[in-house]
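Notes follow once the structure below has been shown.
In the numbering used here, the protein residues as written are -8 to 287.
Structure below.
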């Protein structure tokens, strides 16, 4: 059985190379001040989808929500073997928390990408670390979900045998499609971009990039868009209107999560306390953590 798969990916700040002011005054990430990378867990999700495609056949569509420059990771995904790339970008999506983000992604899948067999995403993004978007999308799509997926071991028609990585143990489960998977490491590394695909898809463009290119060439936007589409180099670009989204559930308006305060915490020597590596030291540590309400 071949699978129709939607992979949810995200472009995230590269926290190992921070430049400028990382946070805005309102508590949102200042993404323009930070270099960006492909979220590591999402790259593993893409690899799992491509591995399934190699083994069973099918089609992989990659979907991301973000600013115009998020098209970079979509080109990367195409160069690794994805069949289609979609950029969900609209100023009205700005400042979305996980609830608003999952609504927009689920609404896109419902209105534009159904039917499907699998929705696959990374466990969590390195900027928010919430691990909430995948499960929230599953809830909105009314899908069963399997989390902490390391690898799909076997396909039995429309049923998958899945290995979950639980840290100190593994669990083998069987689940029926349609299904949402969240992927973690342990099942191998992601493949490198294919050289032939790299030469082709480096020219793939989103609607924002087409507008800039058309202005530079003095060409009509529609003509350039049609030309790229005919060559398979068009990154579909959709906004609120294209997915029939409710504005009350998108962006800052649809985001109940509010950041009250951000602090730069720097530990100094006087803030550290050492405990002896024996039973008495362990008891003293537990007593202190309990007194500070870290425990209990």
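For glycine and all other residues, C-beta sits at the position ideal for the given N, C-alpha and C. Bear in mind the structure is a predicted one, so any value in this text is a computation, not a measurement.
In this structure residue 224 is in contact with residue 195, their Cβ atoms being roughly 4 Å apart against a cut-off of 8 Å.
Per DSSP, reduced to three states, the secondary structure at residue 146 is strand. In the DSSP assignment, residue 29 falls within the unbroken beta strand (DSSP E) covering 27 to 29.
Its Cα nearest to that of residue 189, the residue 64 stands out among 3, 49, 45 and 64.
Assigned with DSSP and collapsed to three states, residue 50 falls in strand. The continuous beta strand (DSSP E) containing residue 75 extends over residues 75 to 79. If you draw a straight line from the Cα of residue 96 to the Cα of residue 286, it comes to about 37 Å.
Under DSSP, residue 227 takes part in a beta bridge, and its partners are 77. Of the candidates 175, -8, 87 and 81, the residue whose Cα lies closest to the Cα of residue 240 is 87.
With fewer than 16 other Cβ atoms from the protein chains shown falling within 10 Å of its own Cβ, residue 133 counts as exposed. As for any alpha helix (DSSP H) of minimum length 4 sitting wholly inside the segment 108 to 142, the runs are 124 to 132, ordered along the chain.
Taken atom to atom, the span from the alpha-carbon of residue 106 to that of residue 171 is near 13 Å.
Within the model, the alpha-carbon separation for residue 202 versus residue 158 is close to 47 Å. Measuring C-alpha to C-alpha distances from residue 179 to each of 204, 144, 206 and 281 identifies 144 as the nearest. Under the 8 Å Cβ criterion, the segment 26 to 39 counts as touching the segment 107 to 119, having at least three qualifying pairs.
The distance from the Cβ of residue 52 to that of residue -4 is about 7 Å, consistent with a contact at the 8 Å cut-off.
Put simply, the backbone Cα of residue 228 is about 20 Å away from that of residue 112. Between residue 47 and residue -6 a beta carbon distance of about 6 Å is seen, short of the 8 Å cut, so the two are scored as contacting. Counting the other CB atoms within 10 Å of its CB gives residue 4 a total of 16 or more, which places it among the buried residues. Apart from the 5 residues on each side of it in sequence, residue 230 sits with its Cβ closer than 6 Å to the Cβ of 81 in its chain, given in chain order. Around the beta carbon of residue 270, fewer than 16 other beta carbons sit within 10 angstroms, so the residue counts as exposed. Here residue 98 is buried: its Cβ has 16 or more other Cβ atoms, across all protein chains shown, within 10 Å.
Residue 204 has its alpha-carbon roughly 15 Å from the corresponding atom of residue 220.
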